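Undergrad: Provided herewith is a single structure, encoded as structure tokens, for subsequent inquiry.
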Ligand SMILES: C[S@@+](CC[C@H](N)C(=O)[O-])C[C@H]1O[C@@H](n2cnc3c(N)ncnc32)[C@H](O)[C@@H]1O
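Residue numbers (our numbering): 1 to 272.
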């Protein structure tokens with residue numbers, strides 16, 4: 001029996017969600033104690049997009065365990081977290097309760113949001129590790145456009161497609177294309193939170209999206225680009241041993257001594 005890519009990925013995310021939650025990426029106890037999960041890069045993109053989030057209707061796309069949803073809600077936003085993994089959403093609901101924060105949570109494929117959510121949001125927010133699961137970037141951007149109210153904004157902070165190509169640096173091995181070329185199947189029992197984690201549903205299907213393809217998909221979905229920034233550092237160690245922590249505390253992945261692009265941030269608006 002052939003399993004559809006979406007189902008394969010959903011099973012993998014169920015298993016990952018089960019093991020995530022008390023690790024170096026997802027420190028639930030710190031969150032419950034009041035810590036914000038938003039990084040400086042995410043905060044900067046939010047500031048550029050909307051200034052303060054207080055009072056805004058926010059949809060957090062692919063919200064996983066809801067850490068950023070909770071952090072945005074604590075800043076005064078009314079947050080709807082969307083994900084296709086019921087395990088993620090159950091953990092997000094339990095965490096929100098412990099944090100005494102109200103969240104709305106919706107279980108759905110991000111490319112097919114339900115009609116009752118359309119046109120409702122001031123801000124659509126998605127971060128690191130959202131787009132590699134999406135086969136149809138045009139459908140993702142159209143969903144964003146349709147979820148936003150006229151005048152609403154998208155904040156996307158994402159892994160740069162350049163660093164996503166790199167499997168190892170010594171020797172230099174690339175295991176992912178820069179541009180979209182269809183599905184790539186990976187079989188990996190670990191997760192970015194713990195490379196030694198032993199999850200059961202190990203297979204995933206992932207897709208490359210170049211920066212140009214992402215921007216063009218936004219434009220084609222009738223979103224107006226307002227800001228695009230690339231960074232050669234990140235504050236979290238998503239790449240295990242590949243990226244080194246440097247004296248300023250930031251992680252960089254260097255090739256020939258030069259830091260490669262690690263992240264990009266994008267702000268785009270649905271026309272008023
Ligand atoms: C790397 S995590 C995102 C992490 C998130 N940025 C955070 O701060 O925790 C990717 C999330 O995308 C979700 N996901 C993947 N494909 C999806 C789809 N087609 N529809 C909805 N959610 C999806 C997964 O369940 C997972 O929670």
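We put the CB at the ideal spot given by N, CA and C, even for glycine. Small disclaimer: the values here were computed from a predicted structure and weren't measured.
Can you give the Cα-Cα distance for residue 107 and residue 61, rounded to whole angstroms?
TA: In the chain shown, the residue the question calls residue 107 occupies position 107. In the chain shown, the residue the question calls residue 61 occupies position 61. Rounded to whole angstroms, residue 107 to residue 61 spans 11 Å at the Cα level.
Undergrad: For residue 13, collect the residues of the same chain with a Cβ closer than 6 Å to its Cβ; drop the 5 residues on either side in sequence, then sort them by chain order.
TA: Looking up residue 13 in the chain shown gives position 13. If we look at residue 13 and ignore the five residues flanking it on each side, its Cβ neighbours are 85.
Undergrad: The alpha helix (DSSP H) that contains residue 17, what's its start and end?
TA: Translated into positions along the chain shown, residue 17 becomes position 17. First-last of the alpha helix (DSSP H) with residue 17: 5-19.
Undergrad: Indicate, with yes or no, if ligand 1 has a heavy atom lying under 7 Å from the CB of residue 184.
TA: Along the chain shown, read from residue 1 onward, the residue named residue 184 stands at position 184. Checking the Cβ of residue 184 against ligand 1 gives no.
Undergrad: Looking at ligand 1, does it come within less than 7 Å of residue 117, judged from the CB to the closest heavy atom?
TA: Along the chain shown, one-based indexing puts residue 117 at 117. No, the beta carbon of residue 117 sits no closer than 7 Å to any heavy atom of ligand 1.
Undergrad: Any heavy atom of ligand 1 within a distance shorter than 7 Å of the CB on residue 160?
TA: Counted from its first residue, the chain shown places residue 160 at position 160. Here the distance from the Cβ of residue 160 to the nearest heavy atom of ligand 1 is not below 7 Å.
Undergrad: Please state whether DSSP places residue 145 in a helix, a strand or coil.
TA: Here residue 145 is taken as the residue at index 145 of the chain shown, counted from 1. DSSP places residue 145 in helix when its eight states are reduced to three.
Undergrad: Please work out which residues of its chain come closer than 7 Å, Cβ to Cβ, to residue 92, disregarding the five sequence neighbours upstream and downstream, and give them in chain order.
TA: As a first step, residue 92 must be located in the chain shown, where it is residue number 92. Hits under 7 Å: 63, 65, 66, 69, 81, 103, 105.
Undergrad: Since I believe residue 151 is in contact with residue 272 (beta carbons under 8 Å), could you give me their beta-carbon distance rounded to a whole number of angstroms?
TA: For the purposes of this step, residue 272 is identified with residue 272 of the chain shown, where counting begins at 1. For the purposes of this step, residue 151 is identified with residue 151 of the chain shown, where counting begins at 1. With a beta-carbon spacing of about 4 Å, residue 272 and residue 151 fall inside the 8 Å limit used to define contacts.
Undergrad: Compute the Euclidean distance between the alpha carbons of residue 214 and residue 181, then round it to the nearest angstrom.
TA: In the chain shown, counting from the first residue as 1, residue 214 sits at position 214. In the chain shown, counting from the first residue as 1, residue 181 sits at position 181. Distance between the alpha carbons of residue 214 and residue 181: 14 Å.
Undergrad: Smallest Cα separation from residue 32: which of 74, 53, 177?
TA: Sequence index remark: in the chain shown, residue 32 carries index 32 (1-based). Scanning 74, 53, 177 for the CA closest to the CA of residue 32 turns up 74.
Undergrad: With a threshold of 7 Å, establish whether the CB of residue 68 neighbours any heavy atom of ligand 1.
TA: As a position in the chain shown, residue 68 is number 68, starting the count at 1. Residue 68 has its Cβ nearer than 7 Å to a heavy atom of ligand 1.
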